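Everything in the sequence shown is counted per the working numbering, starting at 168 for the first residue and increasing by one.
Structure first, then comments.
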Amino acid sequence: MTINEKALGFGGGEKAPFAANPWASRGRLFPEGGSLTRSEFQRDRDRIVHATAFRRLKHKTQVFISPDKDHFRTRLTHTIEVAQIARALARALKLDEDLAEGVALVHDFGHTPFGHTGEDALDEVLKPYGGFDHNAQSLRIVTKLERRYADFDGLNLTWETLEGLVKHNGPLLTPEGEGTRGPVPQPVRDYCQLNDLELDSYASLEAQVAAVADDIAYNTHDIDDGLRAGYLTFEMLEEVPFLADLMGEVRERYPHLEPSRFTHEMMRRQITRMVEDVIGCAQRNLEEVRPQSCADVRACGRVMATFSADMAETDRQIKTLLFRHIYRHPEIMRIREGAAQIVTDLFTAYLEEPTLMRSHYWVEHIAGLSQPARARHVGDYLAGMTDSYALRAHGELFDRTPDLR
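See the structure below:
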C-alpha cells in the first residue's frame, strides 16, 4: 500500500497551498516509522484522545464548580466544542482538519482543578519557583509527564502540533527576542532548547482557527451555563446589541418558545454568525496577503484567522457581560476563594511532606531534590488533579474542606 498526499482515506483531497501538509511534517523529536492507515496529524489527534490528561478533563471545571450538577460544561465538553468549531473552520478554509482538531483537543491539557481559580492559586504558590502557566503545563504534559510509550516520555507529537499548542494565541517572542506577554515560561524555553518551536513567528492557520474556536465556544456556552445557573437573564443579554438582535430574530420566528429551546435557538445562531464572520475575515486577509505556503503564514506578521472589527467589538462586549455578571458574581467569588484555599493547602502539605503524593511517580525520589525541583513536581501533581480528586485529597489531610456548592 502506498501512502501519498492524495490518498482520500488519509484525510486528503483538495487543500489550500498554505495548509499544513502532514506528509511534509517537520517530524517528531523521537523519530518513528509512518503509519499505513493514518497521516501524522491523525496519529497526533489519536494520541491526544487516548492520553490520561484528556480523560481527566471530564472532571475539571470550566466555569461552574458544581460537583452535583450534570449539565454545566466541564473542561472536556468545552474542549470537544472547540474541536468541532475548529474543524468546521478548517474545512471551510481548506486547511488540514486533523491538525486543527488536534490543537483544539490538546490546548487545555495543562489546566488545573477548579478552572482559572486553581491556575491563579498554583501560580501564586509557585511564583518563587518560576510560576505556573497552563499553556506551558500542556507542553510539559505532552513532552514529559504522560508515561504511556516504551520508547519515550510524553506523546512525541509532531512539531506542527506542538507549535500550535504553544503559539495558537500568537508568537511568544518579538523578532528582537522580547516576550510578547511577559517572560516565556521556563518549560517552554527548556523544550525549545531541544526542539526549536520558533517562538517569534506566528503559528499555522490550523492553530489559529483552534484559537478563535476557543473564543467562540466559551463566549457561547458560558452564556448558556450562566442562564442555566440563574446568574444571567435574557434582559441582561440585551446589553449586547448582537445578542439582542439574535433574540429578536428568535422571538419573531417563535413567539411562544419555551426558555430552554429559546436559549438553544439563540446559541446556535451565535455560533453560526461568529464562525461565518471568521471565515469571511480570514478569506479577505488571505486574499490580501496571498500566502503560498504554511511558512508564508508563519512569516506574514499577523493573524489571518480572526474576527472582523465589528465582531471583535461584539466579542469584547460579551466578555465584559460575562465578567460582570458571572466571573465576578459574589457567589462565584465565594466558591473561588474556597477552591484557592484547597490548592494552596495541598501545595503546602505536599511540599513539606512529598510522600503524601502517593500516586506520583517521583514520590520515591522527590525528597532528595532541590526545593525548586520539588516544588515543580508538586505543581505537576496538583495540576493533574481533577476537582473531585482535589476535594477528596484535601478532606483526607485537613479537618475542614471549603464547601464549593
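We put the CB at the ideal spot given by N, CA and C, even for glycine.
Computed from a predicted structure; not experimentally measured.
Cβ neighbour criterion (16 or more within 10 Å) applied to residue i
i: P342; result: exposed
i: Y398; result: buried
i: F185; result: buried
i: M471; result: buried
i: Y316; result: exposed
i: P234; result: Residue placement at P234 is flagged as unreliable, the pLDDT there being 49, under the threshold of 50; a coordinate-derived value is accordingly withheld.
i: S526; result: exposed
i: D566; result: exposed
i: E405; result: exposed
i: D554; result: buried
i: K173; result: Any reading at K173 needs caution, since the residue's pLDDT is 44, under 50, leaving its predicted position unreliable; the model's value is listed next. Classification for K173: exposed.
i: Y421; result: exposed
i: R572; result: exposed
i: G344; result: exposed
i: H245; result: buried
i: L332; result: buried
i: K294; result: exposed
i: A207; result: According to the sequence shown, residue 207 is Glu rather than Ala. Classification of E207: buried, given that the 10 Å Cβ count is 16 or more.
i: R214; result: buried
i: M500; result: exposed
i: H238; result: exposed
i: E576; result: For residue 576 there is no data in the structure shown, the boundaries of the chain being 168 and 572.
i: M552; result: buried
i: R541; result: buried
i: E330; result: buried
i: D363; result: exposed
i: G546; result: buried
Rounded Cβ spacing between residue i and residue j (contact assumed at less than 8 Å)
i: F299; j: E286; result: 7 Å
i: V273; j: V309; result: 6 Å
i: W326; j: R212; result: Contact doesn't hold; Cβ gap of about 15 Å is too wide.
i: P579; j: A411; result: Lying outside 168 to 572, the shown extent of the chain, residue 579 is not represented and no answer is given.
i: T279; j: V530; result: Actually they do not touch by this definition, with Cβ atoms about 20 Å apart.
i: F490; j: V292; result: Between V292 and F490 the Cβ distance is about 25 Å, and since that is not below 8 Å, they are no contact.
i: M433; j: L413; result: 5 Å
i: I493; j: G393; result: 5 Å
i: Y369; j: V464; result: 7 Å
i: P539; j: Y296; result: 5 Å
Those residues which DSSP pairs with residue i across a bridge
i: R435; result: Paired residues: none, contrary to the question.
i: T347; result: G349
i: T241; result: T228
i: R212; result: Bridge partners of R212: none, in fact.
i: R195; result: T325
i: L536; result: None, per the DSSP bridge assignment.
i: L340; result: G346
Among the options, nearest to residue i - alpha-carbon criterion
i: L260; options: N336, E181, H283, C467; result: E181
i: G473; options: N336, A218, V292; result: Note that residue 473 corresponds to Thr in the displayed sequence, not to Gly. Selected option, being the one with the closest Cα: N336.
i: T439; options: L266, A380, L329, H423; result: A380
i: A534; options: Y517, F401, H283; result: Y517
i: V445; options: G415, L372, R457, V407; result: L372
i: D389; options: G331, M552, H431, A187; result: H431
i: L312; options: L549, Y296, E563; result: L549
i: T487; options: V407, G297, D463, T284; result: V407
i: E455; options: D482, A462, C467; result: C467
i: E268; options: R210, F231, P295; result: R210
i: A462; options: R307, R572, L424, E365; result: E365
i: A255; options: D320, A377, R418; result: A377
i: E248; options: V351, A370, A220, D382; result: D382
i: H544; options: L558, P521, Y556; result: P521
i: L224; options: T328, T241, R214; result: T241
i: L324; options: L306, K334, P338; result: L306
i: A479; options: F409, A374, A560; result: F409
i: H301; options: R258, A250, V351; result: V351
i: K227; options: A557, T568, L564; result: A557
i: L196; options: H217, F401, L266, T328; result: T328
i: P198; options: A183, L322, D265; result: L322
i: M205; options: A250, L266, F231; result: Per the sequence shown, residue 205 should be read as Arg rather than Met. Ranking A250, L266, F231 by Cα distance to R205 puts L266 first.
i: Q437; options: A257, P458, C448, T481; result: T481
i: Q508; options: L262, A250, F281, G447; result: F281
i: P458; options: G200, L262, L203, P189; result: L262
The ligand FMN heavy atom lying under 7 Å from the CB of residue i
i: N323; result: Within the structure as shown, the ligand FMN is missing, as the structure has no ligands at all.
Chain C within 8 Å of residue i, Cβ atoms only
i: A507; result: Here there is only one protein chain, and chain C is not present.
Please give the ranges of any alpha helix (DSSP H) in the stretch 394-432, keeping only runs that are unbroken, at least 4 residues long and fully inside the region.
Within the stretch 394-432, the runs of alpha helix (DSSP H) that reach at least 4 residues and sit entirely inside it are, in chain order, 401-404, 408-420.
Fully enclosed by the stretch 433-506, which alpha helix (DSSP H) runs are 4 residues long or longer?
Runs of the alpha helix (DSSP H) inside the stretch 433-506: 461-466, 476-489.
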